[in-house]
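Working notes, beginning with the structure itself.
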Amino acid sequence: MELSLPVEQEREIEAIEALQRPGPGAAVSLCRHRALSCVRCCLPHIGGDTHRAPSGAWIGPGGLLLRFENFNPRHDPRIEASGYEDAFADVGREEMERRFARRRRLFLEIYDPRRPLESLPRYMKAIAGAEGYRYRHPASSGPASLHVGGSLPAGPRGRGELPECQLLGFTDEGGRPGCLAHPLAETSGGHDGRLLAGFFHHTGCCDCVECEAGREFRYLSPSALGMFDRAVEGLSWYEYSRHATSVLVYYLRAFDHLLVRMNEAAGLGRLPLRQLASFTNALYDDWPFQRPGAAVPGTPGMGFMNTLDLLRTPIPLPERILYIALRTGFRADTFGAQLGRAREWIMRRMERL
Numbered sequence: 052m053e054l055s056l057p058v059e060q061e062r063e064i065e066a067i068e069a070l071q072r073p074g075p076g077a078a079v080s081l082c083r084h085r086a087l088s089c090v091r092c093c094l095p096h097i098g099g100d101t102h103r104a105p106s107g108a109w110i111g112p113g114g115l116l117l118r119f120e121n122f123n124p125r126h127d128p129r130i131e132a133s134g135y136e137d138a139f140a141d142v143g144r145e146e147m148e149r150r151f152a153r154r155r156r157l158f159l160e161i162y163d164p165r166r167p168l169e170s171l172p173r174y175m176k177a178i179a180g181a182e183g184y185r186y187r188h189p190a191s192s193g194p195a196s197l198h199v200g201g202s203l204p205a206g207p208r209g210r211g212e213l214p215e216c217q218l219l220g221f222t223d224e225g226g227r228p229g230c231l232a233h234p235l236a237e238t239s240g241g242h243d244g245r246l247l248a249g250f251f252h253h254t255g256c257c258d259c260v261e262c263e264a265g266r267e268f269r270y271l272s273p274s275a276l277g278m279f280d281r282a283v284e285g286l287s288w289y290e291y292s293r294h295a296t297s298v299l300v301y302y303l304r305a306f307d308h309l310l311v312r313m314n315e316a317a318g319l320g321r322l323p324l325r326q327l328a329s330f331t332n333a334l335y336d337d338w339p340f341q342r343p344g345a346a347v348p349g350t351p352g353m354g355f356m357n358t359l360d361l362l363r364t365p366i367p368l369p370e371r372i373l374y375i376a377l378r379t380g381f382r383a384d385t386f387g388a389q390l391g392r393a394r395e396w397i398m399r400r401m402e403r404l
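Next up, the structure:
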């Protein structure tokens with residue numbers, strides 16, 4: 052795993068991110084949203100997952116194919132911490148929930164919030180024995196320990212031989228998964244025990260790790276958040292913790308500008324996701340302003356505006372991201388005229404709805 056990029060490339064990425072993510076964003080969390088929890092980064096074994104179809108389209112909830120170009124310079128719509136999982140078989144929701152329930156019972160029996168330093172290691176030893184957990188990661192310190200890739204086992208592995216955090220379990224009687232030692236979990240008694248035990252305790256990253264989709268989520272408009280809520284309604288924690296949720300966040304950020312405009316139009320604000328996807332996929336396929344195939348968006352000197360050029364234009368940020376997601380090839384010398392025609396083209400398409 053490459054831990055650093057060339058200086059100029061890193062500077063460009065940072066400039067793009069600064070423009071795409073102004074300020075801290077809204078106080079919302081993809082990890083814990085309403086009654087749902089995404090626990091993918093805590094190492095549940097949701098293996099065999101995929102986020103992209105052979106056609107190049109991204110795979111959203113329910114296998115829905117979503118067509119847009121990735122606008123994020125840091126990562127595509129995939130949960131980074133799951134790289135090792137996708138190389139192994141999925142143990143399934145039923146098996147993970149058995150583990151979660153067992154861990155909750157044992158945690159409540161052993162853990163003492165008055166003596167977390169003594170009781171948490173006892174719990175970890177007991178649950179490792181109960182689950183037959185034998186894995187020991189070699190990366191226990193230094194920069195490599197911050198990456199799951201530094202702990203990836205080579206070759207086929209049997210039961211108990213894959214990386215896993217035994218602090219991941221049901222945190223309440225309702226069956227909501229999360230960290231048993233998290234200070235907000237009812238199981239922890241208000242004490243933060245994440246740095247005392249668990250798979251990542253040696254890295255100190257449990258209280259700051261976040262996937263790129265989680266960062267994008269904070270910048271969704273109320274219109275996009277409304278669509279997100281409708282799209283994930285009825286999902287289990289297991290379905291919500293798959294790549295499709297991350298893809299959905301990216302998709303909504305890509306087309307947020309359209310969602311706001313649709314909310315302003317009578318009857319379009321509550322389109323189901325499948326109908327919205329049909330509209331945006333056609334928009335992507337038929338977009339008359341897309342750059343020629345030979346033009347790379349980040350390459351200067353070909354006459355087309357690159358990502359930074361588009362992001363520096365004085366138009367609303369969601370609209371700038373929309374044009375990036377549509378593979379737009381505006382030219383700097385005719386930008387104003389092309390922008391006007393692009394807006395008219397989109398409005399005509401929306402009127403057909």
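Residue numbers for the sequence shown follow our numbering, so the first one is 52 and each next one is one higher. The beta-carbon is built from N, C-alpha and C at its ideal position, and this holds for glycine as well.
- Query: Between which two residues does the alpha helix (DSSP H) harbouring phenylalanine 330 extend?
  - Reply: 324 to 337
- Item | Burial state of methionine 278, where buried means 16 or more other Cβ atoms lie within 10 Å | Counting every other CB atom within 10 Å of its CB across the protein chains shown gives methionine 278 a total of 16 or more, marking it as buried.
- Please report the Cβ distance between glutamate 290 and histidine 126, rounded to the nearest whole angstrom; I am assuming they are in contact, meaning their Cβ atoms lie under 8 Å. Between glutamate 290 and histidine 126 the beta-carbon gap is near 22 Å, outside 8 Å, which marks them as no contact.
- Query: Taking Cβ positions only, does glutamate 212 come closer than 7 Å to chain D?
  - Reply: Any reference to chain D falls outside this structure, which holds one protein chain only.
- Look at glycine 411 and tyrosine 270 and say whether their C-beta atoms are less than 7 Å apart. The structure shown does not extend to residue 411, since the chain is modelled only from 52 to 404, so the question has no answer here.
- threonine 385 versus glutamate 284: straight-line alpha-carbon distance, rounded: 44 Å
- Separation of tryptophan 109 from isoleucine 379, as counted between CA atoms: It should be pointed out that residue 379 corresponds to threonine in this sequence rather than to isoleucine. Approximately 19 Å between the Cα atoms of the pair.
- Query: alanine 328 and glutamate 120: beta carbons closer than 7 Å?
  - Reply: no
- Message: Assuming contact is defined by CB atoms lying nearer than 7 Å, are valine 298 and histidine 102 in contact in what I supplied?
- Response: yes
- Item | Contact check, leucine 171 vs leucine 247, beta carbons under 7 Å | yes
- Who are the near neighbours of methionine 175 in its chain, counting only those whose CB is closer than 7 Å to its CB and skipping five residues on each side? Gln217 and Ala248
- Message: For phenylalanine 251, report the span of its beta strand (DSSP E) as first-last.
- Response: Note, phenylalanine 251: premise wrong, no beta strand (DSSP E); not H, not E.
- Message: Can you tell me whether leucine 87 is helix, strand or coil according to DSSP?
- Response: strand
- Message: Let me confirm a value: serine 191 is counted as buried when at least 16 other C-beta atoms fall within 10 Å, else exposed. Which label applies?
- Response: A caution first: serine 191 carries a pLDDT of 46, below 50, which makes its placement in the model too unreliable to give a value.
- Query: Which of the three DSSP states, helix, strand or coil, is assigned to isoleucine 110?
  - Reply: In the structure shown, isoleucine 110 sits in a strand (DSSP, three-state: E or B).
- Can you have a look at cysteine 259 and say buried or exposed, based on whether 16 or more other CB atoms are within 10 angstroms of its CB? exposed
- Proximity winner among Pro124, Pro112, Pro95 and Ser88, relative to arginine 62 (alpha-carbon distances): Comparing C-alpha distances from arginine 62 to each of Pro124, Pro112, Pro95 and Ser88 shows the shortest one belongs to Pro124.
- Burial state of arginine 394, where buried means 16 or more other Cβ atoms lie within 10 Å: exposed
- C-beta contact flag for serine 88 and glycine 220 at 7 Å: no
- Message: Per DSSP, what are the beta-bridge partners of cysteine 259 in this structure?
- Response: Answer is none; cysteine 259 lacks a bridge partner.
- Query: Name the DSSP beta bridge partners of threonine 296, please?
  - Reply: Beta-bridge pairing links threonine 296 to no other residue.
- Item | Continuous beta strand (DSSP E) stretch holding proline 228: start and end | 228 to 230
- Taking 7 Å as the cut-off, decide whether the C-beta atoms of glycine 107 and aspartate 141 are in contact. no
- Report buried or exposed for arginine 392, applying the criterion of at least 16 other Cβ atoms within 10 angstroms of its Cβ. exposed
- Task: Measure the alpha-carbon distance for leucine 359 versus tryptophan 338 and round it to whole angstroms.
- Result: 21 Å
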